[in-house]
Amino acid sequence: MAASSKRKSSARTKSTPRTPSRTSGNPARRPIVEAGPVTVGDWIGAARLRTLPLAAAPVIIGSGAARSTGPEFHWVIALACLAVAVLLQVGVNFTNDYSDGIRGTDAVRVGPARLTASGRVRPRTVLIIGLSFFALAALVGLAIVVRTEQWWMLAVGAACIVAAWFYTGGKRPYGYAGLGEVFVFVFFGLVATLGTTWVQVFQLPQQAWLGAIAAGLFACAVLLANNLRDIDQDREVGKRTLTVLVGRRATQVLFTLFILLPFGIAVFLALVFPIAWISLLALLAGLPAVLIVWTYRQPRELVIALALTSLTSLLYAGALFWAFAG
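Position 25, counted from 1, in the sequence shown is what UniProt numbering calls 25; the numbers after and before it change by one each time, with no gaps.
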């Protein structure tokens, strides 16, 4: 009876293939493998809708700054800028899913399993979808350039796509070298906001620059919350984010500064645009995010902080648009 049981156990062991992984030695940290077919919800989840406010916020602020310069305001161009920003954001999310998945970075995760890492979708399929969103963003961007005849902005658009890809793609992704926040600030703050203002009125007023800085800080705060959630897993797989490099406490301090500094900018703007005071109401979402970042016990709690930070950026952007256009 014992021999028979031993043979069955041996057969089960031989019939169960082992997935090679740097984390296979720890059963609690084996790669994520999801069973069952991929659903529409999985694809929507891969698009990471909670990050889309970060794409909309700089366009809203930039459009408000354009409106503040005079009666000329182009809703069609503004909507086209919004489409470019959202398409790029979704493209980044899918290519990030692909790049992290094939590197094994997403093998150990706190948040939802990614399409590539879960093994339910071929990496090539995820990559094609991500690149398709980049292509759509490029087409809409080209339409803006043709309409405004600002041909030099083709180079800006190309730089945005290149930066989006090399965040986690390529042999030396800058997101793995602690530079993610720098590029996020530049492209999701300065470029997105100032580009939106420029293509509408062909000038960059001071309020556009200040709004761009605020939008960039919020985007960096979201990235910090995301990387703080994954700090242990990123260390394990060798992903050197800024959070990994500076540690938890410094990340908490930076996150707090990135949330609060935009409101200092809003107070300054209120000297010229009084309605900007209304942006302080966005602290109703921002302060709870700060509290969570400082008091969380489980990494999953930071998903809420991430969502609240995205909401804060959107509320803030709406208030500035009202202030600028009022």
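Glycine included, every Cβ here is placed at the ideal spot set by N, Cα and C.
Determine the direct distance from the alpha carbon of residue j to that of residue i, and round the result to whole angstroms.
{"i": "A219", "j": "D97", "result": "19 Å"}
{"i": "A305", "j": "F324", "result": "28 Å"}
{"i": "R240", "j": "A225", "result": "15 Å"}
{"i": "T23", "j": "G101", "result": "With a pLDDT of only 40 at T23, under the threshold of 50, the placement of this residue in the model should not be trusted; the figure read from the coordinates follows. One C-alpha to the other measures close to 14 Å."}
{"i": "P299", "j": "V253", "result": "17 Å"}
{"i": "L223", "j": "G175", "result": "10 Å"}
{"i": "V33", "j": "G169", "result": "Its pLDDT being 48, under 50, V33 is placed unreliably in this model, and the coordinates cannot settle the point."}
{"i": "S279", "j": "T243", "result": "28 Å"}
{"i": "L194", "j": "E149", "result": "17 Å"}
{"i": "L287", "j": "G318", "result": "18 Å"}
{"i": "P17", "j": "A56", "result": "Caution is warranted here: a pLDDT of 39 is assigned to P17, below 50, making its placement in the model unreliable, and the coordinate value is therefore given only provisionally. Their Cα atoms are separated by approximately 45 Å."}
{"i": "S21", "j": "V237", "result": "Legend: pLDDT at S21 = 40, less than 50; position of this residue unreliable, no value from coordinates given."}
{"i": "T295", "j": "L88", "result": "33 Å"}
{"i": "T309", "j": "I213", "result": "16 Å"}
{"i": "R172", "j": "R103", "result": "12 Å"}
{"i": "F321", "j": "R235", "result": "40 Å"}
{"i": "residue 347", "j": "I144", "result": "Given a span of 1 to 326 for the chain in the structure shown, any question on residue 347 remains unanswerable."}
{"i": "I259", "j": "L281", "result": "13 Å"}
Output the boundary residues of the alpha helix (DSSP H) element that contains residue i.
{"i": "Y167", "result": "Here Y167 belongs to no alpha helix (DSSP H), and DSSP marks it neither H nor E."}
{"i": "W209", "result": "Q206 to R229"}
{"i": "W152", "result": "Looking at the DSSP string, W152 is not in any alpha helix (DSSP H), and its letter there is neither H nor E."}
{"i": "R248", "result": "R248 to L269"}
{"i": "V59", "result": "L52 to S68"}
{"i": "R103", "result": "W75 to R103"}
{"i": "Q200", "result": "A192 to V201"}
{"i": "A275", "result": "For the record, residue 275 in the displayed sequence is Ile; it is not Ala. I275 -> no alpha helix (DSSP H), and no H or E assigned at all."}
{"i": "Y316", "result": "E301 to A325"}
{"i": "V40", "result": "V40 to A47"}
{"i": "P288", "result": "L283 to T295"}
What residues are listed by DSSP as bridge partners for residue i?
{"i": "R235", "result": "Per DSSP, none; premise fails for R235."}
{"i": "R240", "result": "A177"}
Could you tell me which of the options sits nearest to residue i, measuring between CA atoms?
{"i": "L142", "options": "I128, C81 and A307", "result": "C81"}
{"i": "L269", "options": "P205, P299 and T256", "result": "P205"}
{"i": "F209", "options": "F94, R172, T309 and A192", "result": "Rather than Phe, the amino acid found at residue 209 in this sequence is Trp. Measuring from the Cα of W209, the nearest candidate turns out to be A192."}
{"i": "R50", "options": "L320, A319 and L311", "result": "L311"}
{"i": "L284", "options": "D230, L302, F187 and S313", "result": "S313"}
{"i": "Q200", "options": "F94, G64 and L287", "result": "G64"}
{"i": "V126", "options": "M153, G91, A155 and L139", "result": "G91"}
{"i": "G247", "options": "A164, A307, Y167 and D232", "result": "D232"}
{"i": "W69", "options": "V272, R297 and T39", "result": "Note on residue identity: the sequence assigns Thr, not Trp, to residue 69. Ranking the options by Cα distance to T69, first place goes to V272."}
{"i": "H74", "options": "T251, W322, F258 and T196", "result": "T196"}
{"i": "D42", "options": "S118, G326 and M153", "result": "S118"}
{"i": "W165", "options": "V182, F134, P123 and M153", "result": "F134"}
{"i": "F255", "options": "D234, R235, I292 and A276", "result": "I292"}
{"i": "G216", "options": "A158, Q203, R229 and V182", "result": "V182"}
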